[in-house]
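Here numbering that gives the first Met the number 0 is used: position 82 in the sequence shown is 81, and no number is missing along the way.
We treat Cβ as the ideally placed atom computed from N, Cα and C, and that holds for glycine.
What you are looking at is a predicted structure, and each value in this text was computed from that prediction instead of being measured.
These notes concern the structure reproduced below.
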Amino acid sequence: MHFVNPQITVTIGAAMAACMAMLFRMRASNKAVNPKKLLIPPIAMSTGFLMFAAPMTRIPLSWAMGAFLVGALIFSYPLIRSSQMEVRDGEVYLKRSKVFIFILAGLLVIRILLRQIIEQYVTLPQTGAIFFLLAFGMLLPWRLAMYFQFRKLQPAKQQWDG
């Protein structure tokens with residue numbers, strides 16, 4: 000009996016999830032943003048930290064901090080720079096950026112290449128943990144930056160409506 004290589008399966012799954020995220024992100028620019036839409040994704044993603052309850056996913060703290068910092072300081076930067084907001088009809092919208100889809104695709108390719116390298120040295124669950132932390136490090140500053148942009152554009156009385 001022939002089994003599918005788990006690394007290939009995970010890589011394909013990650014690529015499909017990233018493509019879905021790109022599609023959702025492209026559609027989101029047609030709807031007004033609000034604090035809930037900006038802050039719920041990192042809050043929801045934070046439940047992924049429960050993976051560290053399983054011993055097989057645990058990694059050294061230095062690896063965890065490194066992965067998070069690479070996401071926060073390097074990967075989030077192009078997302079933050081390409082995510083601008085504007086006020087239309089009294090509502091705040093995310094401006095469609097012509098380069099955003101290319102940035103997402105480029106980050107995906109870099110993550111896939113990094114995954115191919117890293118999974119040669121650590122177990123598959125540890126690789127997943129490293130890339131979860133990298134993704135969380137990328138998502139959190141990006142969403143916080145968008146939230147602060149939103150706050151600058153939106154009157155205080157309407158901040159939590161919607």
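Buried/exposed call for residue i, threshold 16 Cβ in 10 Å
i	result
Ser75	buried
Asn29	exposed
Val108	exposed
Gln148	buried
Ser82	buried
Val98	exposed
Met15	exposed
Thr126	buried
Gln153	buried
Arg110	buried
Leu103	buried
Leu93	buried
Leu37	buried
Leu106	buried
N-terminal and C-terminal residue of the alpha helix (DSSP H) that residue i is part of
i	result
Gln125	Leu123 to Leu152
Lys36	Pro34 to Met44
8 Å contact criterion, which residue i and residue j should meet: CB distance rounded
i	j	result
Leu133	Gly70	4 Å
Met55	Pro124	4 Å
Phe131	Gly47	5 Å
Ile73	Ala128	Not really, about 19 Å apart at Cβ, beyond 8 Å.
Ile79	Ala144	4 Å
Pro34	Tyr146	6 Å
Val121	Met84	Going by Cβ atoms, the distance from Val121 to Met84 rounds to 39 Å, so no, they are not a contact pair.
Ranges of the beta strand (DSSP E) found wholly within the stretch 47-104, counting only runs of at least 3:
84-87 and 90-93
Any contact between the stretch 50-68 and the stretch 81-95? By contact I mean 3 or more CB pairs, one from each, below 8 Å.
no
When the Cβ atoms of the stretch 39-46 are set against those of the stretch 123-140, are three or more pairs found closer than 8 Å?
yes
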